[in-house]
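Enquirer: Let me give you the structure first, and then I'll get to my questions.
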Amino acid sequence: LVSAQSVPPFFKMTSHSVSWHVRAIAGMLLLWTLYYNVLGFATSSFPKSAISHLRGCESRSVVHGGFQTTQSGKTRAVFASPLIGVVGLVASVGAASAAAAKVPRKVTSRIEWYRKVKRVGTDAIFDVTIPKPLGLKIENFPQKDKEGAGVSKIQPNGNTDKVNRRVCVDDEPGAGMWVLEGDRIMAVNGVDTEDGDIDKIVGEIMGNDGPEVTLTLMRNTRKGPIRIVMMPEGYMCTVRRNSRLSAAAEMAAGRDLKYGCIDGWCGTCWHRERTTNGIFKPCCDVLTGDWDNVMPLVITPKPERAGDSTLLNPRGV
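According to my numbering, the sequence shown holds residues 382 to 698 in order.
Here it is in structure tokens:
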């Protein structure tokens with residue numbers, strides 16, 4: 382008899398080590414099965430009939446007049462051409478990804494814009510959170526019949542301008558509301574500033590230790606100015622009511638523009654608005670009180686027909 386002390390360590394198997402060896406052997410068998418059955422490979426050590434079976438065909442010997450021949454046909458095995466299935470799966474995933482990339486991003490609808498604010502008559506009240514420094518100018522309203530203080534200027538490339546660009550130009554989902562010149566400041570971080578005390582407003586903004594400031598703003602949606610966004614450049618400007626749309630186009634171009642017609646009949650200067658898909662004609666349209674300035678007016682050139690551009694080469698000039 383051999384004592385336990387003389388048994389080599391390799392043969393000293395506890396229940397845990399036996400279980401580990403069993404799992405290792407099972408894993409190797411699984412890899413072997415995948416290698417030969419799923420991927421369809423075979424080696425020369427396999428019989429030809431087995432190799433044919435793994436590669437998706439069957440063979441059998443048939444005797445014809447004393448001569449033995451081999452016939453091949455479609456296999457009845459489940460492992461036929463597994464590589465074709467793998468390649469097809471990869472191609473399907475790639476095609477689905479390409480199709481998803483071509484799907485246009487959803488544009489914020491009119492109802493979604495309206496849900497961002499609370500309505501009090503023709504006024505809209507909403508919150509905007511802006512990182513410090515805000516990058517805007519606050520003044521008391523010059524009108525004698527209008528109390529309070531509001532936003533008189535937005536600094537280009539400042540934090541407020543960046544917030545506006547994310548909301549108005551990029552139309553980021555869930556980006557919230559934006560700031561417009563003429564908005565009245567009703568509260569700063571929840572502290573009431575409706576009385577329009579500039580020192581109080583500045584004190585609340587500067588006294589906050591946080592990196593951001595939340596402004597509660599009120600906007601007249603029918604008489605206040607309108608934010609125009611000229612695409613695809615993303616140029617933003619603010620115009621008064623009853624101004625011609627051509628004024629925004631000239632501000633975007635940085636020069637005076639001449640048009641080939643005065644009533645928009647030629648169709649070469651037509652633009653489409655992003656939210657409403659309405660047609661706007663810079664040559665003749667006037668921005669009236671019909672536009673709800675909760676939404677920016679984002680227009681993209683969509684000429685109805687080709688022709689000499691009314692913005693660049695008007696007829697007769």
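Quick reminder that beta carbons are idealized off the backbone N, C-alpha and C, glycines included.
(1) Suppose you measure from the CA of residue 664 to the CA of residue 657; what does that come to, to the nearest Å?
(2) Just to confirm the assignment: which complete beta strand (DSSP E) runs, minimum length 3, are found wholly within the region 537-624?
(3) How about residue 538 and residue 577: do their beta carbons lie closer than 8 Å?
(4) What is the DSSP secondary structure of residue 626, reduced to helix, strand or coil?
(5) Compute the distance between the beta-carbons of residue 579 and residue 540, then report whether it is under 8 Å.
(6) Per DSSP, which residues does residue 506 bridge with? Please list them.
(7) According to DSSP, what are the bridge partners of residue 657?
(8) Are the beta-carbon atoms belonging to residue 593 and residue 518 less than 8 Å from one another?
(9) Spatial neighbours of residue 615 within its chain, please: C-beta separation below 6 Å, excluding the five flanking residues on both sides.
(10) Out of 685, 591, 497, 608, state which residue places its alpha-carbon closest to the alpha-carbon of residue 648.
(11) From which residue to which residue does the beta strand (DSSP E) around residue 533 run?
(12) Judging by CA-CA distance, which residue of 527, 531, 559 is the nearest neighbour of residue 542?
(13) Here's the rule: buried if 16 or more other CB atoms are within 10 angstroms of the residue's CB, otherwise exposed. What is residue 490?
(14) Does the beta-carbon distance from residue 506 to residue 497 come in below 8 Å?
(15) Can you have a look at residue 667 and say buried or exposed, based on whether 16 or more other CB atoms are within 10 angstroms of its CB?
(16) In three-state terms, what does DSSP make of residue 685?
(17) Could you say if the region 624-641 and the region 666-680 meet the contact criterion of at least three C-beta pairs nearer than 8 Å?
(18) Let me know the secondary structure DSSP gives residue 668 once reduced to three states.
(19) For the beta strand (DSSP E) containing residue 519, list its first residue and its last residue.
(20) Taking 8 Å as the threshold, find out whether the region 560-574 comes into contact with the region 583-597 through three or more Cβ pairs.
(21) Enumerate in chain order the residues of its own chain whose CB-to-CB distance from residue 333 is below 7 Å, with the five nearest sequence positions on each side excluded.
(22) Output yes or no for whether 8 Å exceeds the beta carbon distance between residue 610 and residue 617.
(23) Exposed or buried, what is residue 515 when buried is set at 16 or more other beta-carbons lying within 10 Å of its beta-carbon?
(24) Which residue wins for smallest C-alpha separation from residue 531, given the options 581, 552, 633?
(25) Can the beta-carbon of residue 508 be found less than 8 Å from the beta-carbon of residue 595?
(26) For residue 410, is the classification buried or exposed, using 16 other Cβ atoms within 10 angstroms of its Cβ as the cut-off for buried?
(27) Near residue 613, what residues of its chain come up, given a Cβ to Cβ distance below 7 Å and the 5 sequence neighbours on each side ignored?
(28) Just how far apart, CA to CA, sit residue 547 and residue 589?
(29) Nearest to residue 641 by alpha carbon, out of 634, 650, 633?
(30) Measuring alpha carbon to alpha carbon, tell me which residue in 669, 638, 661, 633 is nearest residue 646.
(31) Confirm, please, whether the CB-CB distance from residue 561 to residue 608 is below 8 Å.
(32) Give the straight-line distance between the Cα atoms of residue 433 and residue 487, rounded to the nearest whole angstrom.
(33) For residue 644, which residues in the same chain have their Cβ closer than 6 Å to its Cβ, ignoring the five residues on either side in sequence?
(34) Under the three-state reduction of DSSP, which class applies to residue 643: helix, strand or coil?
Expert: Taking the coordinates as given:
(1) 20 Å
(2) 565-569, 593-601, 607-611, 616-620
(3) no
(4) helix
(5) no
(6) 499, 599
(7) Answer by DSSP bridge pairing: none, since residue 657 is not bridged.
(8) no
(9) 550
(10) 685
(11) 530-535
(12) 559
(13) exposed
(14) no
(15) exposed
(16) coil
(17) yes
(18) strand
(19) 517-521
(20) yes
(21) This structure cannot speak to residue 333, because the chain is shown only from 382 to 698.
(22) yes
(23) buried
(24) 581
(25) yes
(26) exposed
(27) 681
(28) 24 Å
(29) 650
(30) 661
(31) yes
(32) For residue 433, the predicted model reports a pLDDT of 48, less than 50, meaning its position is unreliable; a value from the coordinates is still stated below. Those two C-alpha atoms are separated by around 53 Å.
(33) 665
(34) coil
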